[in-house]
Amino acid sequence: MSKTDVQETPPTPDQLTSILDYLGPSKAGSVVEEATGTSDALRKFNAKQQAFQRPVTVDWNNGRAVVGDDESELMRLVRTLPKETDQV
Numbered sequence: 001m002s003k004t005d006v007q008e009t010p011p012t013p014d015q016l017t018s019i020l021d022y023l024g025p026s027k028a029g030s031v032v033e034e035a036t037g038t039s040d041a042l043r044k045f046n047a048k049q050q051a052f053q054r055p056v057t058v059d060w061n062n063g064r065a066v067v068g069d070d071e072s073e074l075m076r077l078v079r080t081l082p083k084e085t086d087q088v
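Numbering (UniProt numbering), first residue to last: 1 to 88.
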């Protein structure tokens, strides 16, 4: 069963590492302000958690993330989610 969870707090360092892994190093600057890569993003985030850029939508179960509020990207992520069934 899938679960939706909205977090107002910044991610943990482990969660941020996963998000950066899902997106790839070229997207680090879109997740952490002015970051030039994964290690730079982690360093800047650890120094100042407010550098984390919102919103970020994460599918933890399937290892995917979308940064920002681009509806087409969000819909693409939603469409890739496994369909829930009533079967047990």
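By construction, the Cβ of each residue, glycine as well, lies at the ideal position given by its N, Cα and C atoms.
Presumed contact (8 Å Cβ cut-off) between residue i and residue j, rounded CB distance
i   : j   : result
V56 : A47 : The pair is not a contact, with the Cβ atoms about 19 Å apart (cut-off 8 Å).
V31 : L42 : With 8 Å as the limit, V31 and L42 do not qualify as a contact, their Cβ atoms being about 10 Å apart.
Alpha carbon of residue i to alpha carbon of residue j, nearest angstrom
i   : j   : result
N62 : L20 : 14 Å
P25 : T9  : 23 Å
A35 : K83 : 35 Å
W60 : P13 : 15 Å
T17 : A28 : 10 Å
Buried or exposed (CB count within 10 angstroms, at least 16 for buried), residue i
i  : result
V6 : exposed
| request: Inspect the CB distances between the segment 74 to 83 and the segment 32 to 52 and report whether three or more fall short of 8 Å. | output: no
| Length at least 3, wholly inside the segment 31 to 61: the beta strand (DSSP E) runs in chain order | If we require 3 residues or more, the beta strand (DSSP E) runs fully inside the segment 31 to 61 come out as 56 to 59.
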